[in-house]
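Peer 1:
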Amino acid sequence: MIRKVIIVISLIILLISSYNIGSYIYDSISNKKLYKETVSKYETLSKDNDKNNSDIGTNPFKKINENMVGWIEVPNTNIDYPIVKGKDNFHYLYHNIEDEKSIHGSIFMDYRNKNWDDKNTIIYGHHMKDGTMFKELTKYKNKDFFDNNDSFYIDTGSGKIEYKILSVNVFKGDSNYIRTNFNSSEEFLDYIGYIKKESLFHRDLELKTDEDIITLSTCSYEFDDARTVVYGIKK
140 MIRKVIIVIS LIILLISSYN IGSYIYDSIS NKKLYKETVS KYETLSKDND
190 KNNSDIGTNP FKKINENMVG WIEVPNTNID YPIVKGKDNF HYLYHNIEDE
240 KSIHGSIFMD YRNKNWDDKN TIIYGHHMKD GTMFKELTKY KNKDFFDNND
290 SFYIDTGSGK IEYKILSVNV FKGDSNYIRT NFNSSEEFLD YIGYIKKESL
340 FHRDLELKTD EDIITLSTCS YEFDDARTVV YGIKK
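Residue 374, in the numbering used here, is where the sequence shown stops; the numbers in between run on with no holes.
1. Roughly how many angstroms separate the alpha carbons of THR319 and ASP227, rounded to a whole number?
2. Using 10 angstroms around the beta-carbon of ASN217, count the other beta-carbons present and answer buried if the total reaches 16, otherwise exposed.
3. Considering Cα atoms alone, identify which of ILE261, ASN252 and TRP210 is closest to ILE236.
4. Which residue marks the beginning of the beta strand (DSSP E) containing LEU355, and which one marks its end?
5. Verify the contact flag: ASP286, CB atom, against every heavy atom of the ligand GTP, threshold strictly below 7 Å.
6. Taking 8 Å as the threshold (C-beta atoms), are ASN204 and PRO221 in contact?
7. Specify, as a first and last residue, the run of the alpha helix (DSSP H) that SER306 falls within.
8. Work out the CA separation of GLY270 and LEU232 for me, nearest whole Å.
9. So ASN287 and VAL368 are in contact, right, with Cβ under 8 Å, and what is the actual spacing, rounded?
10. Helix, strand or coil: which one does DSSP assign to VAL369?
11. In angstroms, rounded to a whole number, what distance separates the CA positions of PHE291 and LYS274?
12. Got a sec? Which residues, its chain only, sit under 6 Å from SER245 by beta carbon, not counting five neighbours each side?
13. Find the nearest neighbour of ASP343 within the set ILE372, GLU326, PHE327 and LEU355, judged by alpha-carbon distance.
14. Who does TYR263 pair with in a DSSP beta bridge?
15. With distances taken between CB atoms, is the gap from HIS266 to HIS243 smaller than 8 Å?
16. Could you tell me the distance, in whole angstroms, from the CA atom of GLY296 to the CA atom of THR177?
17. For LYS311 versus ASP364, is the C-beta distance shorter than 8 Å?
18. Could you tell me the alpha carbon to alpha carbon distance between GLY298 and TRP255, rounded to whole angstroms?
19. When the distance is taken between beta carbons, is THR348 closer than 8 Å to ASN259?
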């Protein structure tokens with residue numbers, strides 16, 4: 140009797156595991172297909188905008204998706220994605236840009252940010268085992284990669300902006316790294332000093348008080364609730 144119970148329990152565990160693995164594989168394939176199609180739409184939109192040489196609206200990305208606010212490209216990684224923004228920081232953890240439920244979620248801007256106008260704009264993305272989304276931010280924890288890759292690019296809809304990479308850090312998820320604004324220039328510069336002090340690696344870039352930064356954040360596994368964080372300075 141006990142043997143039969145063990146067999147039944149083992150079969151149930153096997154079925155659940157198989158379902159979970161199958162769901163992940165399906166979501167991974169669907170996710171890659173979706174973003175391949177979105178890249179094509181973005182390239183067409185960019186070409187049309189260049190050809191017309193005119194402003195096509197306050198948010199041209201709405202032609203692709205209503206909640207899309209930008210596009211991020213990180214050289215020598217597979218990070219080449221649309222950026223969306225929701226009403227909170229939870230929805231796009233579990234929904235793709237078509238608003239469909241997805242394990243992979245989306246690359247999304249912190250809901251507190253005002254579309255690139257803050258001192259610190261925060262962008263989140265999952266660390267996926269299939270290598271997609273923001274997983275390859277972890278490459279910056281390799282010193283050689285950090286030293287040889289110093290920029291990423293964000294298209295805000297009104298032009299592509301280059302960001303010079305300031306540092307790579309590992310923080311706890313609820314730490315102070317997710318600040319979006321500061322009460323004074325001194326407070327902002329103190330924050331930059333804190334980033335450098337706590338970094339794995341950093342560059343001694345000159346930072347003016349009127350310059351903005353971008354924070355790219357993904358899950359990490361050095362300790363519970365860890366985050367790999369890459370900082371960039373707008374240039």
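All residues carry an ideal CB built from backbone N, CA and C; glycine is no exception.
Peer 2: Quick answer:
1. Counting from 1 along the sequence shown, the entry for residue 319 is found at position 180. Counting from 1 along the sequence shown, the entry for residue 227 is found at position 88. Straight-line Cα distance between these residues: approximately 14 Å.
2. Here residue 217 is taken as the residue at index 78 of the sequence shown, counted from 1. So ASN217 ends up on the exposed side.
3. Within the sequence shown, residue 236 is the residue found at index 97, counting from 1. Nearest C-alpha to ILE236: TRP210.
4. For this step, residue 355 is matched to residue 216 along the sequence shown. First-last of the beta strand (DSSP E) with LEU355: 352 to 359.
5. The ligand GTP is absent from the structure shown, which contains no ligands of any kind.
6. As a first step, residue 221 is located in the sequence shown; it is residue number 82 there, counting from the start. As a first step, residue 204 is located in the sequence shown; it is residue number 65 there, counting from the start. Taking 8 Å as the Cβ cut-off, PRO221 and ASN204 qualify as a contacting pair.
7. Position 167 of the sequence shown holds residue 306. SER306 -> not in any alpha helix (DSSP H); beta strand (DSSP E) instead, spanning 299 to 311.
8. Start at 1 with the first residue of the sequence shown, and residue 232 comes out as number 93. Start at 1 with the first residue of the sequence shown, and residue 270 comes out as number 131. Computed Cα separation, rounded: 16 Å.
9. Stepping through the sequence shown from its first residue, residue 287 is reached at position 148. Stepping through the sequence shown from its first residue, residue 368 is reached at position 229. Actually they are not in contact, since the Cβ atoms of ASN287 and VAL368 sit about 20 Å apart, beyond 8 Å.
10. By 1-based counting over the sequence shown, the position of residue 369 is 230. Reduced to three states, the DSSP call for VAL369 is strand.
11. Your numbering for residue 291 matches position 152 in the sequence shown. Your numbering for residue 274 matches position 135 in the sequence shown. Those two C-alpha atoms are separated by around 15 Å.
12. As a working mapping, residue 245 is identified with position 106 in the sequence shown. Hits under 6 Å: VAL223, TYR231, ASN235 and ILE236.
13. Locating residue 343 in the sequence shown gives position 204, counting from the first residue. Closest option to ASP343, Cα to Cα, is ILE372.
14. Walking along the sequence shown from the start, residue 263 turns up at place 124. In the DSSP output, where bridge partners are listed per residue, TYR263 has PHE247 and SER356.
15. Looking up residue 266 in the sequence shown gives position 127. Looking up residue 243 in the sequence shown gives position 104. The answer is no: Cβ separation not under 8 Å.
16. Walking along the sequence shown from the start, residue 296 turns up at place 157. Walking along the sequence shown from the start, residue 177 turns up at place 38. Computed Cα separation, rounded: 15 Å.
17. Indexing the sequence shown from 1 puts residue 311 at position 172. Indexing the sequence shown from 1 puts residue 364 at position 225. In contact: LYS311 and ASP364 (Cβ atoms closer than 8 Å).
18. Looking up residue 298 in the sequence shown gives position 159. Looking up residue 255 in the sequence shown gives position 116. Rounded to whole angstroms, GLY298 to TRP255 spans 12 Å at the Cα level.
19. As a first step, residue 259 must be located in the sequence shown, where it is residue number 120. As a first step, residue 348 must be located in the sequence shown, where it is residue number 209. No. Outside cutoff.
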